[in-house]
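Going by numbering that gives the first Met the number 0, the sequence shown opens with residue 0, and the numbers climb by one from there. We put the CB at the ideal spot given by N, CA and C, even for glycine. Since this is a predicted model, take the numbers as computed values, not measurements.
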Amino acid sequence: MAIEFDERAELNAKIKVIGVGGAGGNAINTMVEEGLTGVDFIAVNTDAQALQHNRATTKIQIGRELTNGLGAGANPDIGRQAIEEDRDAVVRALAGADMVFVTAGMGGGTGTGAAPVVAQISKELGALTVGIVTKPFIFEGKPRMTRAEQGIEEMRKYVDT
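Given below as structure tokens:
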């Protein structure tokens, strides 16, 4: 079943969906595979290999110098530093958007650390900003859940909903 936005609405509003980290990238792939149209897809990741296999039309590798393309190692501080290293690329990708959906999995490194910064950039550019995040499963452990909750609290500062 293909999902479509009203073409008339597309003429009036520029909508971008940006997936941050592994889970965010997976969400982008699912939306592309399901045939969602009328939006621009952007994938942002520290993991070069995951980004290479992503179906987004725009792909941004963040933290190249910091991570050597090997991911953030479940460390949100690395994710945050990585997005700051490549902030300008994200600003360029989000420029002109009226509405931005930021999707990420919370609890790991890139999504938890970088998604709040992506949301902040979106707000600074004047876009209506919607956060869509997942929390870890219980069996993934308390430390991961704690990181996820901290990331969600940080992201709440910058999203409209």
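Buried/exposed call for residue i, threshold 16 Cβ in 10 Å
i, result
"residue 40", "buried"
"residue 11", "exposed"
"residue 115", "buried"
"residue 58", "buried"
"residue 75", "buried"
"residue 119", "buried"
"residue 146", "buried"
"residue 141", "exposed"
"residue 143", "buried"
"residue 100", "buried"
"residue 15", "buried"
"residue 36", "exposed"
"residue 64", "exposed"
"residue 102", "buried"
"residue 97", "exposed"
"residue 153", "buried"
Among the options, the one whose alpha carbon lies nearest that of residue i
i, options, result
"residue 13", "77, 95, 47, 36", "95"
"residue 163", "113, 146, 139, 52", "Absent from the structure is residue 163, since the part of the chain shown begins at 0 and ends at 160."
"residue 68", "151, 56, 155, 81", "81"
"residue 123", "36, 90, 139, 129", "90"
"residue 121", "24, 160, 142, 147", "160"
"residue 110", "125, 153, 78", "78"
"residue 88", "71, 150, 60, 22", "60"
"residue 136", "128, 126, 125, 148", "148"
Identified DSSP bridge partners for residue i
i, result
"residue 60", "44"
"residue 69", "46"
"residue 18", "42, 102"
As assigned by DSSP and simplified to three states, the class of residue i
i, result
"residue 93", "helix"
"residue 136", "coil"
"residue 127", "strand"
"residue 171", "The question about residue 171 has no answer, for the chain in this structure spans 0 to 160."
"residue 102", "strand"
"residue 13", "coil"
"residue 87", "helix"
"residue 160", "coil"
"residue 53", "coil"
"residue 108", "coil"
Beta-carbon separation (whole angstroms), residue i vs residue j, contact threshold 8 angstroms
i, j, result
"residue 29", "residue 45", "Not a contact, Cβ separation roughly 21 angstroms."
"residue 132", "residue 104", "7 angstroms"
"residue 106", "residue 139", "7 angstroms"
"residue 72", "residue 53", "So it is not a contact: roughly 20 angstroms between Cβ atoms."
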